[in-house]
Amino acid sequence: MVRLYGIPGCGPCEIVKMFLAQKGVPFEFVNARQDPEAARKIRALAGSPTAGVVLEWNGKVEAIRGVSLATLNAWLARYQAEQAPASS
1 MVRLYGIPGC GPCEIVKMFL AQKGVPFEFV NARQDPEAAR KIRALAGSPT AGVVLEWNGK
61 VEAIRGVSLA TLNAWLARYQ AEQAPASS
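So the sequence shown is numbered by UniProt numbering: it starts at 1 and just counts up by one.
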């Protein structure tokens, strides 16, 4: 499960939510307006809630600034590589 930290109505947040849904990535949206820890995490990693989004999965945390199809696809490739079962 991916946790997406952002604020409702934020353009980049909405784009990332649509992208994750289209790619079938299970996610939970964490509203930084209602969760002080989420707001701190966004400020620390992205600068402000409207500067980018923060994704957390498998113990990793990554800020995505300048949300674009290229940055999202690059993140997805890393995410999928980690989800693939290790070969023996």
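All C-beta atoms in this analysis are idealised placements derived from N, C-alpha and C, irrespective of residue type, glycine included.
In this text, all values refer to a predicted model and were calculated from it rather than measured experimentally.
- In the assembly as shown, V61 is an exposed residue. Its beta-carbon has fewer than 16 other beta-carbons within 10 Å.
- Put simply, of P85, R78, Q22 the residue whose alpha carbon is nearest the alpha carbon of L55 is R78.
- The stretch 15–47 contains, as complete beta strand (DSSP E) runs of 3+ residues, the segments 27–31 (chain order).
- Annotated three-state conformation of A63 is strand, per DSSP.
- If you draw a 10 Å sphere on the C-beta of K41, you find 16 or more other C-beta atoms in it, and that means buried.
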